[in-house]
Each structure stands twice: as structure tokens, then as C-alpha cells.
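First residue of the sequence shown? That's -7 in the numbering used here, and the numbers climb one at a time after it.
For reference, the structure discussed in these notes is given below.
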Amino acid sequence: MIPTHRMKILVTGAGGQVGLDLIRRLRGQGHEVHGSDVIERPAGADSDLPWHRLDVTDPAMIDALLGEIKPEWIFHLAALLSARGETRPQLAYAVNQTGTFNILEGCRAHGVERLLFTSTIAVFGPGLPSPVPDEVPLLPTTMYGITKVSGELLGAYYHRRYGVDFRAVRFPGLISATLPGGGTSDYAPLMYIEGLRSGSYEAFCRPDTRIPMMYMPDGIRALAELAACPREQLSRSVYNIAAFSPTAQEIADSVMQALPEVSITFAPDPARQAILDSWPDALDDSLARADWGWSPEYDLDQMTAALLPEVKALVREIATAT
Ligand code: AKB
């Protein structure tokens, strides 16, 4: 599955929750990787990683960067997530919708061979069967979800019309030892991070909230494996991927069982709870399993065991920096 040749890869939105972990994996596979983001190089980035300032809403900036580095593949991660997107819907439209269009146009104009796109469970709206299959009416309630549906459709168009090899995974809520930014699924990583940092965390959802979740290393591996899969094995461009679907209470219990001194309570925020209630509680990922061999490695308790030492290191870093 892993290509034996070295690809030149650009990652957009590389300063976000997924970027640096993905870059580490791609570099570990021997690829030449360039990080880009609207923000400056983050502290955690390898010092020898080429880093470019890129605002994906600016087509001229994309054109100049693609002309300069000539990537063969792009992993397009740049996006405002669901909760932040609801506080700034116009900005979410510009970054997620126009930004994705600009990147696809850049791929067309510069002959970029392959575009990997991070879609999400937020493309789904309420009232769907559980587990929800890949192919259902997509009627999301958030600007984030709407722009991600549009990204999926635009990608399929650029594949048909211009031959851009567009591929996407629909990510569940991702959990890692990275401070999350602007997602509605953030209550899950914050149970670990805030629990360890301050000994308690008040989650902004009901304890019975259940959405699909995934430990970051599984999510990163899914993206890298889909990228490396021969196109003829793929029956579609966009795939559901799933790992586990715990209630918020079950995540809290997993944290509190490992760390009995931590207390997790619940105070639902109506706006964020409404978003969570509009998302499916489980995904059917059988096509990803059949087409490219997708299979998650971590369930909730395995994730908790692997994650706690990483979160402890993050908390030490935060304490030293402040
Ligand atoms: C969010 O909460 O907005 C994201 C997502 C589920 O795509 N983590």
C-alpha cells in the first residue's frame, strides 16, 4: 500500500489539529512534505520542515505556491470547524467553500495529480438510519457541514471533468493530545486535557450524547492509506470511516477510571448540543473496509491508555510555556 517512490506533498491547514501528526507520518514514509497555513510555523513543527504562509481564500497565493513547489499530491486540511463556523459563518464559507474551490482550481491549473480532502460526520443531518451508510441525502444544519458537502461534490466534479484524483474520508470527532480548536466534538479531547490540567472538566453536552469518535493515529493512518491506494481499487471518492461511538458519559468514565482524582461534569450548551444532536451516532464504513482495507486499531479504552501519557506531556508543555 505504501508507495515506494517519494512524492512531493503540500499540506494546507497544517497548523491545525491534524496537520503536524499527518506530516510526521508522511515524512516518516520518506515523502518530501511542505506544510502551509495562514498562521506562522507552529512551535511543534520540525525545524527542517519547509513551511509556507498560505491563505486558501487567496487564489493568487495558491497559484504562486503551487508554481514554486510543484506538489504531486495535496492534503487539503484548511477549514474552520463546526462550532467556530457557527460563530463566523461568512468566514467559514470563505475558508471552507471558496478555499476548497481555489485549491481544486490550483490542482487543475498546475497538474496536481491527487487531492486528499478531510470531510466529516458534519455532512450528515438529522433523521438518518444508524449506522449511516456513505450514500444518503446530505442535509447538514451547520455552515461547516454545508461547505464540506460542497467540497465533496466539487471534488467529484473536478475528478470527472479534469481528472484530478480526488479522495476524501469523512472523519468522526478526532481525539488527540493537541489543543482542539473550534470543533463541536472538542468535549472529548478536553475531558483528557482539562481533566489532567486542572483536575476537572465541565462538558458542554449531555452525558447521553453519542457521536462517532476516533483516536488521531487511526485517522492519520486512514488518510495516508487512502492516499496510497491504487485508484482502480476505489469504488467511490468519499468514504465513511469509523472506530467507536461512545456516549459522552462513557468517555468520561474511561478517563475517570484511569484517573480517579479527575471529576467530569456536564452542563449542556444549547447551540452546541443542537449540532451534536443533528449528527449520526454511528457510521457504516463497510465500503472503506472492502475497497482499501480500512480497519481501526483503537477502541475507547485502548485509546485512553495510549493517550494519557501524551496528554501528560502536553500539559507539562503548557505549564512550562505559561
Ligand atoms: C467538529 O467538531 O467540527 C469536527 C468534526 C466532527 O468534523 N471535529
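The beta-carbon is built from N, C-alpha and C at its ideal position, and this holds for glycine as well.
Residue closest to residue i, alpha-carbon to alpha-carbon, out of the options
i, options, result
"ILE31", "GLN21, GLU24 and TRP43", "TRP43"
"SER168", "ARG100, THR312, ALA305 and TYR207", "TYR207"
"GLU217", "ILE203, ILE233, ARG202 and PRO204", "ILE233"
"SER190", "SER142, ASP245, CYS221 and ILE256", "ILE256"
"VAL104", "TYR150, SER142 and MET205", "TYR150"
"GLY143", "ALA84, GLY59, SER122 and GLY175", "ALA84"
"ASP40", "TRP271, LEU275, VAL247 and LEU12", "LEU12"
"GLY36", "GLU78, GLY7 and ASP47", "GLY7"
"VAL161", "THR133, HIS68 and TRP271", "HIS68"
"GLY175", "ASP210, GLY211 and GLY137", "GLY137"
"ASP293", "THR170, SER111, ALA235 and VAL124", "ALA235"
"ALA282", "ASP273, GLU289 and ARG228", "ARG228"
"THR110", "GLN82, ASP55, GLY22 and GLY211", "GLY211"
"LYS62", "ALA101, ASN88 and ASP29", "ALA101"
Three-state secondary structure (DSSP) of residue i
i, result
"LEU14", "helix"
"ARG106", "strand"
"LYS140", "helix"
"THR314", "coil"
"TRP284", "helix"
"VAL247", "helix"
"HIS23", "coil"
"HIS44", "strand"
"ASP210", "helix"
"MET(-7)", "Confidence at MET(-7) is low in this model, with a pLDDT of 46, below 50, so its placement is unreliable and the value that follows should be read with caution. Three-state result, MET(-7): coil."
"ASP157", "strand"
"ASP200", "coil"
"THR239", "strand"
"LEU72", "coil"
"PHE116", "coil"
heavy atom of the ligand AKB below 7 Å from residue i C-beta
i, result
"THR112", "yes"
"GLY5", "no"
"PRO75", "Note that residue 75 corresponds to Ala in the displayed sequence, not to Pro. Yes, the ligand AKB has a heavy atom inside 7 Å of this Cβ."
"THR79", "no"
"PHE109", "no"
"GLY165", "yes"
"THR312", "no"
"TYR136", "yes"
Sub-8 Å separation of residue i and residue j beta-carbons
i, j, result
"LEU107", "ILE66", "yes"
"PRO172", "LEU182", "yes"
"GLY324", "VAL3", "Given a span of -7 to 314 for the chain in the structure shown, any question on residue 324 remains unanswerable."
"VAL141", "TYR184", "no"
"ASP126", "LEU226", "no"
"ALA70", "GLY91", "yes"
"SER237", "GLY117", "no"
Neighbour flag for residue i against chain C, beta carbons, 8 Å
i, result
"PRO262", "Structure shown: chain C not included; a single protein chain is present."
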